[in-house]
Structure formats: C-alpha cells, structure tokens
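Please read the structure below before turning to the comments.
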Amino acid sequence: MSDANQLHEKLRRRMQTGDYVVGNVGRAGLPNAAAIGIFRAQCMSRHLDRIARNLQKSGKSFYTIGSSGHENMAAVAEALRDNDMAFLHYRDAAFQLRRAMRVPGSTPLRDMLLSFTCSSEDPLSGGRHKVLGSRLLAIPPQTSTIASHLPKAVGAAYSIGMPRGVNRGPHPLRRDGIVACTFGDASVNHSTAQGALNTAAWMSYRGLQLPILFVCEDNGIGISVPTPKGWIASSFQHRPGLRYFYADGLNAYDSYAVAREAVEHVREQRQPAFLHLSMVRLLGHAGSDPEISYRSSEDIASDEQHDPILHTARLIADRGILDGSALLAIYDQVGAQCEAIAAQAAVRPHLANATDVMRSIVPPRRAVAPASIVTPDERRKAFGREWNNIQKPQPMAKLLNWGLLDLLLEHPEIFLVGQDIGKKGGVYGVTQRLQQRFRAGRVMDSLLDEQSILGLAIGAAHNGFLPIPEIQFLAYIHNAEDQLRGEAATLSFFSNGQFTNPMVVRVAGLAYQRGFGGHFHNDNSLGVLRDIPGLIVACPSSGRDAVAMLRESVRLAREEQRIVVFIEPIALYNIRDLYEEGDNAWSTTYPEATYTAPFGEVAQRGNGPLAIVSYGNGYYLANQASRTLELEYGIDTCLIDLRWLAPLPVDSLIKAIGSSDHVLVVDECRRSGNVSEAIMAHLHEAGLQRIARLTAEDSFIPTGPAYAATLPSCAAIVETSLALLGIES
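In numbering that gives the first Met the number 0, the protein residues as written are 0 to 728.
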C-alpha cells in the first residue's frame, strides 16, 4: 500500500475511534460555519493528495507534490478577502479550495483534478502543468519551488497604493486590498526570497505603502535538508520594517485568529507583515520521493501524530459543533466525491500537438484606451528649455530621453523604475530630469537589487500598470534572469493567456566602451535572453530608430501584452559622428509620430551585391566599412539592420537580402550562443551559399587600450567582405 493510502487509512481509523490529537483548545473567534468549511477544505486537500499519487501509479497523473500537513492554509484563506490577490506556495491546495468554496461559480475539485491529469480542459493552464491558480479566485499560477514569486508579490502590493502621478485606470486590485504571498521555510534561504523580503522591509522603513502579507509555512524540512529549529523565528522576529506574527499552524483556530490579526495589521497600516506558521510535512516532498531514505521512521511517525486534520476534528468536536461520526461522514463523503470526479478527469482530452502547447506563449491582444491627448502647450511645457533643440540632430541618449518623456505624457499608466534613474537621471543621463517633470511616483529610484526591480515591474503589470524598468548594465541582468524566464515569460503560458505581465525592460549594454571595461559593464552576450519563449529582444543602432522602436515596444506591451527587453548600446549613446570628427552623420532629429519601426521588420539601406547584416554597434561599423568598400574597391553594399533580435525577423531579412548574392553577418556578441549562429542557420536553410560571419571572440572584455581587441572592427569588416567576394585586399 502506498504511503498516501496508508496515511489515509490511519487517519480514518483514528477519526472512527475518536482518537484525536491532544492539544490546546485554540483561540476564539472562528465562526462555526467557517470551522466546518475549513475542515471540509482540509479533507478535500488530503484526498486530492492521495488520489494524485494513485493516478500517477496508473500513468494518469504526472506531478504530485502535495499539501498534506499544510491543510490549515484553509484558515489563512478564511482570514483574507476572496479578492485579495494571493501568490501561493505549491503546498496550498487547502487555501485555494477554501477560497473557492466561498466564491459562487467555482468548481475547485473538478478544476484541480483536470490540472492533475494535465487535461486540455483544465481551466487554468489548459493542460500545461499541475499548478494552483484561478482567475476567478485572484490566484495567479505559480510554478516556483524557490520562492521566486516573492518579488512580483511585492510589486503587486506596491501597485495597490501607487503614488500620485500614475493613473490607476481599471485595475483589478482594490485600493483597500492586500496581497498574500506564501512559501516554505527552506525557500526563505534563497537569495530571491531574501531580496524580496529585504525590499519590503526597505520600503516599509522608508514609509512607503506596501500592503503585503508574507506567510511562511514552516514544516522544518526542505526536501531532505532540515531547517534548524528556531531559524525562521530568530531571522524575522525583530526585522526592521516587517511586523512578525506567529501561530501554531496545526491548530485551525489559532491559525485563523493570528492570520486575521496579521491581515488587519496589513490592511489598516498598509505595511508588510510576516506570518510564521509551524506545520508538519506528511508524505515525502513529491510522489517520487522516498521519505524513509533520509528520515527515520520515528520522525515520520511523530509528524503523523500531529496530523492537522485530527487537530481540527478534535477542536470542532470539543466545541460541540459536530460529533465524530458527522466529521467522519464529511471526510468519507468528500473522498467519494473526489474519486468520482477523478475518474471523469482521467479520461478527458489532453494537448495533442506542438501548436496546442505553444498557443498561449504569446498572450492575447487586448483593447486599450487611446493615448492621452497632449496639447502642444502641455508638450512644450514638459520639454522646457529643450523644446528649442527638438528640430536639431541629437545623439541616441538625448532622443531616448525625449522619447520616454513623450511616452510618459501619452500613457499615464506608464512608470519607470530602476537604480539611479531619478535624481541622477541614470548612469548615462537617459532619464535625466524626468523625475522632476513627473514626480518620484512615476520615475522611481529603486534599491540595488535587479530581482526586486524586475519583480516590482512584474507585479505592477499584474495590476494593470505598464512598467518600464531599467537594468543598469546588461551583465546585471544575470543576477535576475529567472524573473524574466521563470516568472514573467511563463505567466501567459501557464495560465492559458488569462494572466499577463506586459512591460518594457530597458537595459544598457553591449561593448565598445573605451573607458569602461570588465565583465560587469561591457557584456556582449545576449544568449540568456534569446532562448526565452515569447520574449521580444529589441536593439536599435541609431537614435531615430531607438525612439521608433521604443514606441513600438510600448505598443507591443500595451496592446499585445508582450514582454520586451530593449537593449540600448552604451557605446552609441553619445556618438554624433560616423566617418570623421565633426561630421555629425550619426546624429538624427527626433522622429515624427509617423516614423515607425514595426516589430519583425528590418531596416535596409542600399541594394548592392554584398549584403552586410548586423545590429547595434555592428551596424554602425558596417556603415563605416561600406564607404571604404565603395570608395576604395567600387563595391556596392546592402546594409541591413536587424533591429529585432528575438524572435529573429527571418522573413523580412531574406526579403531585404533580395538579389544580393553574398551575405556577411557581423555580430558584436560572442561567437558562441549568440545572434550570428541562428542567422547563419536561417540563411543556409533559405538556400544562400556565399555567406560568412564576423563575430566577437568568446572572451570577456578587458579594460584599457585593448577594449576592442576581441570585437569586430571596421577594418575587419572590410577584410572579411573582400575575402567573401574573392578580392585581394
């Protein structure tokens, strides 16, 4: 007999004989009807764990992390409002079940069993994963096992009381609502969780509103590694900016009473709280986890003696609400109901092919309000003294600054967040004076933590805002890449398009900086971004295109709910000249509203027999090389700026190459794992034969005179072009 079935039989025998767990009477305050509802949700959760493991043995269920021992999360659900957004730990089936029981129209058992069996009729993920969540219940789906959902929970909470200046519009979270976020004791040790908890405390310490309830479900073990006794309490009891509450998580009455106190504190004070619940973990970490291989039989039996369902049964019986036979009848009735629904769910259809699986990677389009009408006088006032320069050619950094200014004027739901972007105006001045014009509520200086910057943006996007977070340097995104890969980009996929978090992430990056080197500031690798399904990566080369592409990126986020990473080449920020000093040939005027850079379309100049395909700094160098090839060798070129690096604009690229019979790909990123590898494959598949590539070396970037030694140069582009054409240099 399986461990789950043995636990079921033991529980049932003890309920039948009234052999309940000895414990305290619990605090008052839980209504009788609510106590029965909590007990029923606990029974549902326990039966679902057992049935999931039985279904797995018969090959009809595939992922069986359960909630046994954590059933008093139903009491936490009871303490919250049903429209308080909840980001749930994977052991919180009882929470979702109890909330669903209170929301008309919910069918929680059917929904969860369809998820267990990966049926395409699963109303949340459409058969893509066994995951908790529900649009109706305000529970976004979480797949996190390392508490990586905490940063976005902080962001969602912050967005509820967004400061003045940001238009709220039709947002799903009420102004008096709070956010709940649950996680295990082992996950607290992960850097992502620590960063989010620190951010919350930091915001609270600064006096900002942050109505979030952190709930730590402390069962004393992380898979097989014990959590030191007292570790959670000692870590959080006296943390500045974070109010600590503790409850016996085995006692439904105590759990409810303390959870309610914590919820009231968060709701009334608009400040974060940390609710610490001591629990047990019954059964192994997952269905495939033989607990006896790392825990003694005595420890396992001891935890089973503290089964929270037996505690709840005792508390209800001792209060004379229901007797033992009535409680057992509920347990058995719920079990029969679960078995019947499971039998139906096990034969429902599944996803059939790749098209079905991938259908929700790209979110659905949505209707949005038109941009705000900004009068010429309002715009002139916002630009201030710079209005007199708007018709003059400018470098990229200045044009991006103006582009952000116009976007903030036109779309009140946009806000900017990042380290040093406010008073300082960014490391390179791209956000200069924007905070003075739009207040700190819309141009926010963050703390130094990329995970928290992205998390704040993701969470606010859950609540209808359009964030434009900034990561100071491309290399810093590696500290937080999972916020894009594991949280932001997966949300539409795992919710079948029901939940989205659109945003535009600005990142200063790439190489060729003369005075700045090292792997922290000169990073020329995009591989970590290009392999994330659904993510759009944009990279302009000129100031004019930068503004047009930024506008298009905002359109993609607003209308198509996409996540765009906007790479801004640092070395081109302030470049004015192209061929020689003072020619001002790389400066451009601020583009009119009609100038566009549509997603998926390359830019092309010329139609010579040699096509040079590049982006960013490479396209700048290709323009220099093109003049040399023309003046010194009489070679006409077709210069192609990719602009969109993920997904690659293959059709537009092949069309732009046209009749060019030689193609050189210039990739300023490293030879391995970057753009050129994919382009070469696509060119080969398109039947092009005379192709070559010039890339950066697989190296980090040094500081000092050798800053460009490993990178493509104008001279190297000329030399490689001649070799491709069979011409001696």
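Backbone N, C-alpha and C fix where the C-beta goes; we use that ideal spot for every residue, glycine too.
Environment of residue i [buried if 16+ CB atoms lie within 10 Å]
i, result
"L131", "buried"
"S371", "exposed"
"S445", "buried"
"Q343", "exposed"
"S494", "buried"
"Q15", "exposed"
"K397", "buried"
"K228", "exposed"
"E580", "exposed"
"L369", "It should be pointed out that residue 369 corresponds to Pro in this sequence rather than to Leu. Its Cβ having fewer than 16 others within 10 Å, P369 is exposed."
"L630", "exposed"
"T142", "buried"
"Q236", "exposed"
"S124", "buried"
"Q560", "buried"
Best match in the options for proximity to residue i [C-alpha to C-alpha]
i, options, result
"S1", "G286, Q208, V21", "G286"
"I476", "H461, G458, G454", "G454"
"I315", "L212, R26, L609, Q623", "R26"
"V356", "E631, G533, M84", "G533"
"G458", "L406, G126, I138, T694", "I138"
"E8", "L327, V504, A547", "L327"
"E676", "S658, A695, H661, D660", "A695"
"G766", "M161, D697, V649", "Residue 766 is absent from the structure shown; the chain starts at 0 and stops at 728."
"L447", "F464, A474, I467, D419", "D419"
"L401", "K380, I634, H237", "A quick correction: the sequence has Trp, not Leu, at residue 401. The shortest Cα separation from W401 among K380, I634, H237 belongs to K380."
"G633", "P539, A547, G607", "G607"
"A232", "S223, I222, E216", "E216"
"L29", "L571, P704, T311", "T311"
"F464", "L687, A156, N622", "A156"
"N250", "G68, A366, Q141", "G68"
"V75", "V503, Y511, A256", "A256"
"N616", "G686, N523, Q560, L528", "N523"
"L710", "A537, R259, R513", "R513"
Neighbourhood of residue i by C-beta distance below 6 Å, restricted to the same chain and skipping five residues each side
i, result
"L54", "S60"
"F492", "S359, I360"
"M202", "L209"
"K129", "Y62, S114, F115"
"N31", "I320"
"Y245", "H275"
"L399", "V429, A545"
8 Å Cβ shell around residue i - same chain, five flanking residues per side excluded
i, result
"D317", "V24"
"E377", "L408"
"A602", "D544, A596, I639, D640, R642"
"I159", "L172, R173, R174, G176, I177, V178, Q208, P210, N462"
"I299", "E290, I291"
DSSP three-state assignment for residue i, whether helix, strand or coil
i, result
"I653", "helix"
"Q603", "strand"
"R441", "coil"
"R529", "helix"
"Y245", "strand"
"W401", "helix"
"P162", "coil"
"W643", "strand"
"C730", "Since the first residue shown for the chain is 0 and the last is 728, residue 730 is missing from the structure and cannot be characterised."
"Q390", "coil"
"T337", "It should be pointed out that residue 337 corresponds to Cys in this sequence rather than to Thr. If DSSP states are grouped into helix, strand and coil, C337 belongs with the helices."
"F519", "coil"
"T181", "strand"
"M278", "coil"
"D635", "coil"
"I678", "helix"
"H69", "coil"
"E486", "helix"
Beta-carbon proximity list for residue i, same chain, < 7 Å, skipping 5 on both sides
i, result
"V717", "A624, T627, L628"
"Y578", "A584, Q623, R626"
Between the segment 424 to 437 and the segment 174 to 184, do three or more beta carbon pairs fall short of 8 Å?
no
Three Cβ pairs or more, each shorter than 8 Å: is that satisfied between the segment 145 to 164 and the segment 186 to 205?
yes
When the Cβ atoms of the segment 482 to 501 are set against those of the segment 663 to 677, are three or more pairs found closer than 8 Å?
no
Counting beta carbon pairs with one atom in the segment 78 to 97 and one in the segment 32 to 52, are three or more of them shorter than 8 Å?
yes
Any contact of the segment 444 to 454 with the segment 189 to 200, i.e. 3+ C-beta pairs under 8 Å?
yes
Report yes or no: do three or more beta-carbon pairs, one from the segment 681 to 701 and one from the segment 638 to 656, lie closer than 8 Å?
yes
Could you tell me whether the segment 111 to 119 touches the segment 329 to 348, using the rule of 3 or more Cβ pairs below 8 Å?
yes
Stretch-stretch touch, CB-based, cutoff 8 Å, three pairs: the segment 408 to 417 with the segment 386 to 393
no
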